[in-house]
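To start, the structure under review is shown below, and the notes come after it.
Structure, rendered in structure tokens:
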């Protein structure tokens with residue numbers, strides 16, 4: 527088991543099996559195969575409206591393609607200052623759209639609505655798209671009314687609304703609402719719908735709700751190198767992922783395991799939950815030295831070292847036994863030793 | 527069987543098996559896994575020198591990333607006017623590098639050296655990289671001395687040399703030389719090394735021979751959305767592909783099947799080979815109406831309709847029996863009917 | 527006098543005087559001054575419809591800004607292979623729009639309509655804008671019906687139509703029609719309207735006829751560094767240029783001087799007019815050695831050395847006396863010497 | 527007189543006279559004229575080392591061209607969050623370089639060195655250039671040791687150092703040191719050297735101290751539309767500007783007038799100087815209503831309305847009499863009325 531990130535886990539067996547099943551004879555290339563075209567109906571059913579979709583192989587690609595569809599190069603993308611889009615993707619959204627990003631602050635990874643209002647009112651560059659990370663980089667989830675309030679302000683000012691949903695399934699399980707309610711019914715125009723972190727091999731979907739944003743997407747896929755010749759194998763991952771609600775079951779497991787892990791970690795005196803645990807990420811405040819000690823026995827943790835906040839991530843593949851074992855057998859002794867040394 | 531393109535074929539069983547074998551437990555993300563790091567040695571061994579490599583999922587991505595490493599945005603990319611880079615990739619190389627492309631003519635898909643010389647001497651924009659498609663879009667292969675002559679002229683003028691090797695294995699089998707001889711010993715700085723068309727699911731490698739061109743590649747992978755979190759599954763395809771010379775065996779089969787197909791098609795009075803058959807593509811000149819008749823029974827052919835030249839493509843998975851069957855049972859009757867109608 | 531290019535000439539006295547006149551006290555910046563806003567009416571009157579306009583300082587800027595307004599980055603710009611846009615501006619149109627250029631051939635610098643048709647029908651990238659250079663790089667002028675035919679084909683295929691009018695005034699004098707007839711009545715959406723080559727210091731106007739292409743232009747001016755703080759001094763040049771038809775008078779003089787020069791040059795046995803002289807450029811075919819001899823006495827000529835075609839350019843400031851003097855006193859002796867040597 | 531911005535003022539008479547003087551006969555285009563080439567020596571003399579220079583027409587162009595020379599597209603530009611580059615230029619630096627900007631905080635418009643250190647240490651994108659606005663957007667001037675400390679930290683981390691010197695002459699007068707000491711002797715690699723705000727018509731110079739950053743600049747000038755055909759008229763402005771230290775005399779006047787104005791404004795109870803007055807900008811904290819009242823009588827003030835901080839700008843053309851008149855006759859009565867109403 528690995529608690530560093532859900533992007534280190536294996537492929538869910540059903541999804542790998544889906545790839546194998548698709549490996550029969552030849553198929554039309556570049557998404558004209560029946561698996562890819564058939565999934566349009568499946569996604570439309572799931573989202574309760576006709577959508578446009580295409581599978582790409584990374585979350586950065588899905589986000590950047592969305593932003594490229596949503597803004598002319600003369601505009602600007604607003605997003606949280608800690609968002610993956612802004613802080614980790616090396617300017618991908620800018621490369622694909624030509625438009626700069628403007629970071630906005632806000633507690634617990636959520637865009638503060640008064641700061642959004644201020645940026646919309648004062649920016650020298652015309653804001654044209656708002657990107658919302660759901661769940662946030664801190665594992666928190668925007669409630670539907672928070673989402674609707676941001677979207678509504680954005681749309682009143684003429685902005686498009688994008689969701690970075692690399693862990694969207696985990697957020698949806700937490701919200702316990704329909705995919706439609708969590709997206710376009712709240713004013714979302716298009717989204718990156720992740721699967722890789724939740725059990726796929728390399729599969730993220732660009733989903734466009736607003737049909738006016740579809741124009742030119744085929745060309746943009748090509749010129750960014752994200753139009754797959756053997757697209758059926760990307761789609762095969764989604765076919766398996768969406769069948770019988772596998773995606774929600776996998777996410778539900780990851781979330782449940784995170785809550786279990788959170789309860790266990792919270793029992794340690796030296797650890798304190800930094801944020802509410804709403805998806806499959808547990809942010810813990812602990813002394814840097816303790817994090818280092820865990821690292822030394824192979825428990826690598828990302829996070830915000832300067833704040834002494836560290837992140838544990840569970841996944842579709844995590845089991846209760848694994849959680850208990852890692853807590854009892856690996857973490858507890860290190861914590862005990864750490865506390866003993868500190869007290870002495 | 528499908529003769530439209532080798533990008534429609536299935537995954538070679540060894541490669542699919544390689545993906546399954548890699549699906550055990552967790553692994554470091556973004557290429558830090560042991561499969562990806564280990565392949566650096568394997569590629570270095572194959573090319574008889576230390577190389578830098580990274581797997582991406584499309585040929586367009588591999589090409590565009592190479593061009594982005596090879597030229598500043600103030601330069602220009604020279605390439606054949608029929609090259610995939612110029613004619614089919616929607617400006618990807620320009621998006622990734624910022625530098626325009628300048629098309630050059632030449633017979634049978636090969637860059638004419640006098641035209642290269644003229645463009646180098648007269649361009650208002652400073653040419654900075656020469657992209658050579660090997661094999662060409664017409665299924666022809668640059669001989670080593672042709673390659674060396676182009677590279678040498680380019681390098682004397684300060685240009686970098688890139689190979690678009692989407693079907694490089696097929697060219698190599700034809701050349702019957704070592705990978706080193708076909709690349710950096712001829713002055714090549716970096717290349718897109720294809721596997722998808724030759725049996726992989728979605729695997730193309732960026733290979734950099736010239737170490738001065740590596741700088742910034744990690745950032746460029748990220749900002750173009752081509753840095754894979756679960757990179758091990760990309761690498762697993764290459765591990766299987768390169769093991770026991772599988773790549774060369776698959777390519778040899780495809781080339782052999784193309785020659786067999788060419789012999790059979792050439793026997794028809796209404797068909798004429800348009801170019802020498804050197805890799806796995808057979809270009810045939812035939813009346814447009816005949817191509818249409820073939821299309822009507824499900825044999826779709828790409829090509830250059832205005833020249834009445836059509837392309838048949840064999841693959842790693844094509845068998846002699848398939849070739850014979852398709853010629854005897856499907857093509858021959860249509861041709862017979864066509865010729866009969868024309869004569870009457 | 528200088529016959530190399532009209533961009534080497536001085537500022538017309540009326541225009542320099544216009545700059546001086548504008549230099550009184552302070553004025554609103556970035557085009558909010560009364561000179562700039564007032565010129566909107568003047569241009570609208572000249573073009574017989576409401577237009578959007580803004581002054582920039584180079585022809586490349588005017589062209590590239592137009593292309594940026596006319597195409598999304600997923601499209602492509604079609605233009606003649608000899609056009610300044612394609613051959614001389616180092617990819618400016620691509621930088622500003624993100625869209626590649628596709629060169630089209632055609633005699634005497636004019637886009638051949640069958641080649642335009644072929645590119646529109648066969649391009650892998652969706653063509654989105656047609657750029658027409660009027661007059662062409664060979665000093666020839668599209669007749670109104672030629673212009674209308676190209677525009678019509680372009681618009682039927684959904685393309686926008688742009689004119690590179692660096693020497694538009696010279697073309698207009700030749701066509702002897704109204705500015706409206708030569709532009710939007712022929713289907714033109716937007717244009718670069720030059721003044722620098724015809725007497726201004728540094729003044730080219732972006733003129734947009736199609737109001738749907740105005741959106742975002744202010745941001746694009748800023749981000750390309752072409753929004754002038756002291757815009758009044760750019761506009762002052764246009765105010766003087768347009769007053770009392772100065773622009774047409776200056777162009778008429780340049781065209782007239784070109785015809786006079788052409789007649790004189792054509793009398794030499796060693797020289798032959800290469801194209802009809804329709805504006806202020808005279809293309810002459812002559813032996814390379816003769817061109818070299820002229821160069822050696824200070825008559826530098828650009829052109830197409832490989833075709834032995836050389837260009838003489840007259841300007842708003844050229845006089846009949848200058849033409850006669852340069853022909854009699856400088857060119858004739860050199861030609862005589864050259865012919866004498868050759869015959870001997 | 528206008529106190530809104532120094533970009534609203536007229537052309538200094540010596541500079542307009544310089545343009546007229548240059549308007550004699552023809553001259554080589556694109557900077558090959560003797561005025562432009564001669565200024566290389568003049569700038570090199572002023573900066574006490576060989577420099578590369580070229581005149582452009584806007585400050586945004588000068589900055590963006592510098593950034594384009596200083597970073598590959600895979601890097602990032604660090605700059606103050608209030609810098610013109612980041613906050614006002616609509617992403618020009620990103621368009622020209624391809625590299626995103628990362629904003630950094632710090633008091634009084636100056637980059638805080640600990641924040642610079644933190645960004646260099648933690649950025650996901652590799653920082654490649656540091657842009658320093660001298661003077662800052664708050665009219666404050668980095669002392670030489672502050673400048674050296676920032677440059678030194680940047681260079682130790684492999685970054686280039688750029689100065690946005692739109693009002694560099696005003697900063698230099700304040701620092702009372704040599705141009706060399708204020709730039710490359712403090713580790714500066716290249717700069718935008720402004721003249722427009724200090725009396726020119728439209729003239730900003732790109733100055734490159736570090737010869738390794740010159741490569742490709744000619745192409746970048748062309749493709750951004752900033753290579754002037756009649757460059758002599760841009761250079762003529764600089765020739766006059768630099769002759770007999772005119773640039774420093776004009777800046778000294780502007781600074782002196784700012785100090786005089788500051789003293790007068792500071793006497794009003796309702797106004798308070800917000801920052802030290804070091805160049806030609808006076809930032810005053812006053813009630814929003816008072817600023818509105820001033821606006822209503824034609825004294826428009828930019829600034830930071832949400833902080834109730836407003837900016838008055840003096841210029842090369844401002845006189846003591848004007849300052850006294852505007853304070854006595856226009857501002858004082860409004861302030862008196864405002865204070866009376868408030869007290870009542």
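Residue numbers (the numbering used here), protein chains in the order written: chain A, 527 to 870; chain B, 527 to 870; chain C, 527 to 870; chain D, 527 to 870.
Beta carbons: idealized from backbone N, C-alpha and C, even for Gly.
In this text the structure is predicted, and so the values were computed from the model without any measurement.
Problem - Chain-ordered residues of the segment 637-666 of chain A with a beta carbon less than 7 Å from chain D - result: 650 and 651
Exercise for the section: Answer yes if the segment 751-770 of chain B comes into contact with the segment 716-735 of chain A, meaning at least three C-beta pairs across the two stretches below 8 Å, and no otherwise. Expected result: yes
Practice task
Compute the distance between the beta-carbons of residue 821/A and residue 780/A, then report whether it is under 9 Å.
Solution key: no
Exercise for the section: For chain A, find out if any of its Cβ atoms is closer than 9 Å to the Cβ of residue 540/B; answer yes or no. Expected result: no
Practice task
Using 10 angstroms around the beta-carbon of residue 598/C, count the other beta-carbons present and answer buried if the total reaches 16, otherwise exposed.
Solution key: buried
Practice task
Could you tell me whether the Cβ of residue 778/C comes closer than 9 Å to any Cβ of chain B?
Solution key: no
Problem - Chain-ordered neighbours of residue 746/B on chain D, where CB pairs are closer than 7 Å - result: 600
Practice task
Determine the closest residue to residue 806/D out of 666/D, 643/D, 589/D and 635/D, with distance taken between C-alpha atoms.
Solution key: 666/D
Problem - C-alpha distance - residue 743/B paired with residue 567/B, whole-angstrom precision - result: 19 Å
Exercise for the section: Please decide whether residue 837/C counts as near chain D, where near means a Cβ-Cβ distance under 9 Å. Expected result: no
Practice task
Can you tell me which of 705/C, 852/C, 815/C and 550/C puts its alpha carbon nearest to the alpha carbon of residue 865/C?
Solution key: 815/C
Exercise for the section: Could you list the residues in the segment 547-576 of chain A with a C-beta less than 8 Å from some C-beta on chain C, going in chain order? Expected result: none
Handout entry: residue 748/B - DSSP class collapsed to helix/strand/coil
Key = helix
Problem - Residues sharing a beta bridge with residue 830/D, DSSP - result: 835/D
Practice task
Could you list which residues in chain D have their beta carbon closer than 9 Å to that of residue 603/C, in chain order?
Solution key: None at all; the shortest Cβ gap to chain D is about 14 Å.
Handout entry: residue 615/D (DSSP reduced to helix, strand or coil)
Key = coil
Exercise for the section: Might you give, ordered along the chain, the residues of its own chain that have their beta carbon closer than 8 Å to the beta carbon of residue 853/C, omitting 5 neighbours on each side? Expected result: 787, 790 and 791
Exercise for the section: May I ask which residues mark the beginning and end of the alpha helix (DSSP H) holding residue 807/A? Expected result: Premise fails: residue 807/A lies in the beta strand (DSSP E), 807-811, not in any alpha helix (DSSP H).
Exercise for the section: Quick one: using the 10 Å Cβ neighbour count with 16 as the cut-off for buried, is residue 669/C buried or exposed? Expected result: exposed
Problem - Contact belief for residue 616/B with residue 749/A at Cβ below 8 Å, rounded distance in angstroms - result: 4 Å
Practice task
Report the option in 581/C, 649/C and 830/C whose CA atom is closest to the CA atom of residue 664/C.
Solution key: 830/C
Handout entry: Beta carbon proximity, residue 527/C to chain D, threshold 9 Å
Key = yes
Practice task
Keeping to the same chain, check which residues put their C-beta closer than 7 Å to that of residue 586/A; ignore five residues upstream and five downstream.
Solution key: 615 and 618
Practice task
Compare the C-beta of residue 594/B against all C-beta atoms of chain D and say whether one is closer than 9 Å.
Solution key: yes
Handout entry: Same chain, Cβ closer than 8 Å to residue 747/D, five either side skipped, listed in chain order
Key = 580, 582, 591 and 753
Practice task
Examine chain A for any beta-carbon lying closer than 9 Å to the beta-carbon of residue 616/B, and answer yes or no.
Solution key: yes
Handout entry: Neighbourhood of residue 609/D by C-beta distance below 7 Å, restricted to the same chain and skipping five residues each side
Key = 657, 659, 663 and 690
Problem - Cα-Cα separation between residue 685/D and residue 654/D, rounded to whole angstroms - result: 4 Å
Practice task
Give the range of the alpha helix (DSSP H) segment to which residue 567/B is assigned.
Solution key: 560-573
Problem - Cα-Cα separation, residue 627/B to residue 693/C - result: 27 Å
Handout entry: Closer than 9 Å to chain C by CB, residue 691/D
Key = no
Problem - Backbone CA spacing between residue 571/C and residue 548/D [nearest angstrom] - result: 34 Å
Handout entry: residue 770/C versus residue 651/B: straight-line alpha-carbon distance, rounded
Key = 40 Å
Problem - Distance, residue 764/C Cα to residue 876/C Cα - result: Past the edges of chain C, shown from 527 to 870, lies residue 876/C, and the structure says nothing about it.
Problem - Close beta carbons around residue 679/A, own chain, < 8 Å, minus the five adjacent residues each side - result: 639, 642, 643 and 646
Problem - Rounded straight-line distance, which links the Cα of residue 687/A to that of residue 606/D - result: 28 Å
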